[in-house]
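There are 2 protein chains.
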Amino acid sequence: MPSDLQPEIFFKPSNQSAPARPEQNLLQAAQAAGVGLEAPCGGKGLCGKCRVRPEGEATDPTPGEKALLGTRLADGLRLACQCAMPAGGQVHVPPESRRGEAVILTSGRSEGLELDPAITSHELSLAVPSLEAPEAARERLFAALAQARGQEPGQGFDLPMGLLRALPGLLASGGGRLSAALRHGREVVDLRPAGASPALGLAVDLGTTTMVAYLCDLSDGQLLAVSAAMNPQAPWGADVISRISACQSDPQALGDMSRAVVESLNQLARDACAQAGAEAERILECVMVGNSAMHHIFLKLDPASLAQAPYAPLARRPVELKARELGLELAPEAWLHWLPLKAGFVGADIVAAALAVGADQIQEPTLLLDLGTNGEMVLAARGRMLACSTAAGPALEGGHIGQGMRGAPGAVERARLAKGGLPLELSVIEGLPPVGFCGSGLVSMLSCLLEAGALGESGSFDHERAGEHLRQGDRGPEYVAAPAEHTGHGQELVLSAADVAELQLAKAAIRAGAQVLMEQMGVDKLERVLLAGAFGNYLDPAEARRLGMFPEVAVEAIEGVGNAAGVGAVMALLSLRQRRRAMDLSEAMRYVELSGHPLFNDLFVDSMPFQNV
Amino acid sequence: MPSDLQPEIFFKPSNQSAPARPEQNLLQAAQAAGVGLEAPCGGKGLCGKCRVRPEGEATDPTPGEKALLGTRLADGLRLACQCAMPAGGQVHVPPESRRGEAVILTSGRSEGLELDPAITSHELSLAVPSLEAPEAARERLFAALAQARGQEPGQGFDLPMGLLRALPGLLASGGGRLSAALRHGREVVDLRPAGASPALGLAVDLGTTTMVAYLCDLSDGQLLAVSAAMNPQAPWGADVISRISACQSDPQALGDMSRAVVESLNQLARDACAQAGAEAERILECVMVGNSAMHHIFLKLDPASLAQAPYAPLARRPVELKARELGLELAPEAWLHWLPLKAGFVGADIVAAALAVGADQIQEPTLLLDLGTNGEMVLAARGRMLACSTAAGPALEGGHIGQGMRGAPGAVERARLAKGGLPLELSVIEGLPPVGFCGSGLVSMLSCLLEAGALGESGSFDHERAGEHLRQGDRGPEYVAAPAEHTGHGQELVLSAADVAELQLAKAAIRAGAQVLMEQMGVDKLERVLLAGAFGNYLDPAEARRLGMFPEVAVEAIEGVGNAAGVGAVMALLSLRQRRRAMDLSEAMRYVELSGHPLFNDLFVDSMPFQNV
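Top to bottom, those sequences are chains C and S.
Numbering follows our numbering, in which position 103 of the first sequence is assigned residue number 103; successive positions increment by one, without gaps.
Numbering follows our numbering, in which position 394 of the second sequence is assigned residue number 1007; successive positions increment by one, without gaps.
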């Protein structure tokens, strides 16, 4: 067949190409074409780094892509390792996906994600006992395991009583053949008939608001399914402080909140397994991350100390227990592993996010920010890491804002200066009539109002420039974003001066926290800002920068890194090396307490103006 | 004070003496006098070897002495380490208690019992967290533990969730001071207010018929109390085969039998603690021994394989689990450790007995015998050990004997040739009118009847010599031991030809088993026979020898060693070195299967006559 009939894939802007092969994904095609794509996870669909924009017919998005790309999918972005173009076509490779160009994300990641899970599976054939050698069933199992692993015959293992009780039945029905799963090469955590389906693992990011579960095949590291739900602890309060208070005022609350999450997690595991055609009892390990309050409440540890100086957690390094102890319905002998916390307000989620972005290897000054009620952040440079938590408050999540709301249908998610002036054009989630502002919408509103001159750097409305769009409300002047007849709830949609002040406090807290870390590390200028979490993906970097949310940084150096905490949890699930690295990283990270810090208050006041200096 | 007014203790027959000091026990006095007494446990009241006969006023017997000496106490024997003579007097030292004279029991025991339990206790004072060093409570506990143990500060430990949950309350009430108990220097198994009472341990010998619990102080190795009860599994059958069958015919039986023993064991622990003024929740470890069927049933392991060729157990090496998993009401985090089994019919009890007598160090050919339904035995010589089990049947425990019974009040326990002929004089337990024969009584009856010529070596009654004392019963000729008017049940007490045949089969099985082991090891002659278990203590060595129960051995070389299995369990509780030694010993021991053994049947037939050749 002449080569001009063979479909080709052309990579832009480098103009390299490779033949389109149906069995090859775009990452493999890029490798064939000599295009260096970021793929620290080795093409397992985990790191979300090999983003490309196919300009032609491509295969359908996978669950992993949906989880990792979110709304960027709609923008045409895909993960090269999860996507193929059997008929060929053009593929645009954005600069951040080119290996060697995104310096920070490359550093320390080039080794890729080696599959090295705590759980290993073995197909065994046990010796048959005889009168001459009447060896016990358990010891024959151990000998077969040692042989399968190339160890000394006398190698000891641990076998839980439940599995020992099941062993004779398995041996009788299988003629001495069975599948065994080992954890850390030591404890037998599952026994089943020979030829069992692959062992599964679950990585969970337990957020204050949402919880996400990633189901992985531990035999090949593939992400099989992702499921998500709202954290069912909302009735006890929207933020961690409310929930900690609930534990102090009601002795039942701790157990009730833990149970609520356990039940949701059981449902998430079943959902993910249903997507993957698997069974939850094949899940042999669950790795969890979340903030320190979620950690304590889930584990039924009194969170009181988290809310009182010196804000010390009860346990900081990894906590391990049998999943069934909390009522998780996974394999009966499945283990739960919580990644380490750093401090009372720097949780396992930020440790996992730091792992996901390779903060321990970053050379150029980089700020990793998890925006939320507590703005947790890590400043990384030259292998050093400083972490702090600022009480940013819930404004950036729409909390404490007159008409604030979460990023749900009906929320204003973006504003735009139309015809060079007011009123602002609004983008609303799912195109509905607006009913409120979500975090990214608020940032966008402020940015546009600043640009239009209707809002001053001090945070005061300019009555002249705002003109007819400003009115006097109960809590001071208000910008009317939409008249009652255009909204979903039949009321005017307004942004008040009080709302502006809330956002100003939040952004000042974040910026001042970052500056304390920079002072402490002796860093003058940030080279990169990485925004973790869903909010980071929705936020427009230029808008956030215009508000002065971060110390000065180039707009193209601000990047959303998706659910980095979840990615870090998956990395720790699939690789013990990464799990140890998370531990080392959390030990190496220095925690900076901002309350009472001599610099913080001055920097906080200096950070109040809406300006990027 | 002139020395002739100072009370003295004189040791016989060596005529050495030492001053009587109220604070010194007789073992210490013997040391002061230069008398070498056997004391492999180092004077902790565990080994029962420092037996002496005080001939003067002595302190009251301790619970440990009652347990270890049994009826020998009534004979005037005492343990030197548990007994004092504040007013002085004479002390007779029997040959077997003199160090260096009882060669076998000395070998390998001279190092004494070093206290080295799995559980260690530590009084800790935790660092106070501050804003500068807001370290987590668990990590501060670990740092204090590492410091207390002279380990690196980063040393990891395991802390069960239940204890982690209790930690903040303990720290708050104790101002950072607390007591911690560690197992194997790794897992925290108890936390309590500072200055806690000593950690306790329980050693349990779970026999088919009786169960005995030994409560020990793990801080100094002292035996605090002993409690005993009948094994409550009797309703499922008197012997292990009946109980294994019960499991096969009734799916509930396994769980029910396990639960019954667990409840009895909880009661034994409470009883022992009540004696010692202690609390069962201070028991942090329980070491158990018993035969393989008791092991399996207690652990809810299907015992079916024990009763079918090749008689392989489900687990042979030590089994460990949290005691609470079975419902044991000890400390919440207490562990249970079963010593290793050797084979389906050579259990952890015989392994523990072998440990207690130091079988791994024995040089001169020695037979260790645990007489019971299964005559389990170990032949030890020159550091080698062979073990087997013979189906001796229950005759030696009074089973399958027309008027057989256990060693309870009313049982004939000894017979004597009065006036050189028949009728035999009977000794009955508690001096009651007789109602049956217990094991030692049966052996004694046969021995006397042989001596009187009323019974021939072939096992047939001699009608002429037995004369009027013989009558014809339903099952053949019967020796009338007591007329109806002299018995406790108003019936004649008889020993039938069928009873004699049962006993003959039992003794032939034991002797043939021992001879197979001797053949296999190339041993011509035994230098010593050690009888373990209560029966061994009651049996008259000369009588047993006259029946030809053992291969030829000098009568003074036959010795009861008490509840050696229980002593071995205590040794393994108090010393990890002994626990490892039990493991090594069980691995070094070779198991000889008698069923189908080419020599056994011929030797069995040859062993039928009642003669000691």
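Built from N, CA and C at the ideal position, the CB exists for glycine as well.
Between the alpha carbons of residue i and residue j, how many angstroms are there, rounded?
i	j	result
G568 of chain C	A353 of chain C	6 angstroms
Q151 of chain C	G1149 of chain S	44 angstroms
A882 of chain S	G960 of chain S	23 angstroms
E1115 of chain S	M1221 of chain S	11 angstroms
Y827 of chain S	G1101 of chain S	35 angstroms
D833 of chain S	L728 of chain S	7 angstroms
V128 of chain C	L1152 of chain S	42 angstroms
L517 of chain C	L585 of chain C	17 angstroms
A199 of chain C	M161 of chain C	20 angstroms
G767 of chain S	L754 of chain S	11 angstroms
V933 of chain S	A969 of chain S	Just to set this straight, residue 933 of chain S is Glu in the shown sequence, not Val. Computed Cα separation, rounded: 21 angstroms.
E329 of chain C	A280 of chain C	7 angstroms
A643 of chain S	P1096 of chain S	51 angstroms
D830 of chain S	P676 of chain S	14 angstroms
Please tell me whether residue i has its Cβ less than 8 angstroms away from any Cβ of chain S.
i	result
L576 of chain C	no
A137 of chain C	yes
G596 of chain C	yes
E364 of chain C	no
R316 of chain C	yes
A512 of chain C	no
S305 of chain C	yes
S389 of chain C	no
L299 of chain C	yes
E187 of chain C	no
E397 of chain C	no
E593 of chain C	yes
E111 of chain C	Summary for E111 of chain C: the model assigns pLDDT 38, below 50, so the residue's position carries little reliability, and this model does not support an answer.
G569 of chain C	A quick correction: the sequence has Ala, not Gly, at residue 569 of chain C. Answer no: the Cβ-Cβ gap between A569 of chain C and chain S never drops below 8 angstroms.
E285 of chain C	no
Counting C-beta neighbours from all protein chains within 10 Å, is the total for residue i 16 or more, i.e. buried, or is it exposed?
i	result
R895 of chain S	buried
H797 of chain S	exposed
T684 of chain S	exposed
P365 of chain C	buried
A392 of chain C	buried
M230 of chain C	exposed
L744 of chain S	exposed
Does the beta carbon of residue i sit closer than 8 angstroms to a beta carbon anywhere in chain C?
i	result
G957 of chain S	yes
L934 of chain S	yes
D915 of chain S	yes
L570 of chain S	Lying before the first or after the last residue shown, residue 570 of chain S is absent from chain S, which here runs from 614 to 1226.
A944 of chain S	no
E989 of chain S	no
A922 of chain S	yes
So who's on the other strand from residue i, going by DSSP bridges?
i	result
Q703 of chain S	S:F623, S:E668
D190 of chain C	C:A181
V204 of chain C	C:A213, C:M288
Q1224 of chain S	None, per the DSSP bridge assignment.
L369 of chain C	C:M377, C:L531
R414 of chain C	C:S427
I241 of chain C	In DSSP, I241 of chain C forms no bridge with anything.
G473 of chain C	C:G476
Taking Cβ-Cβ distances shorter than 7 angstroms, what residues in chain A pair up with residue i?
i	result
A312 of chain C	Going by chain labels, chain A is absent from the structure shown, which instead holds the protein chains C and S.
Just by C-beta distance, which residues in the region 115-128 of chain C are closer than 7 angstroms to chain S? Here the close residues number zero.
Counting only Cβ-Cβ distances shorter than 7 angstroms, please list the residues of the region 154-179 of chain C near chain S, keeping chain order.
Taking a C-beta cut-off of 7 angstroms against chain S, the contacting residues of the region 154-179 of chain C are M161, L164, R165, L167, P168, listed in chain order.
Item to check | Near-chain C residues of the region 1102-1117 of chain S - C-beta to any C-beta below 8 angstroms | outcome: Cβ contacts with chain C: none found.
Taking only beta carbons into account, state which residues of the region 224-257 of chain C come closer than 8 angstroms to chain S, listed in chain order.
-> If the cut-off is 8 angstroms between Cβ atoms, the region 224-257 of chain C has nothing near chain S.
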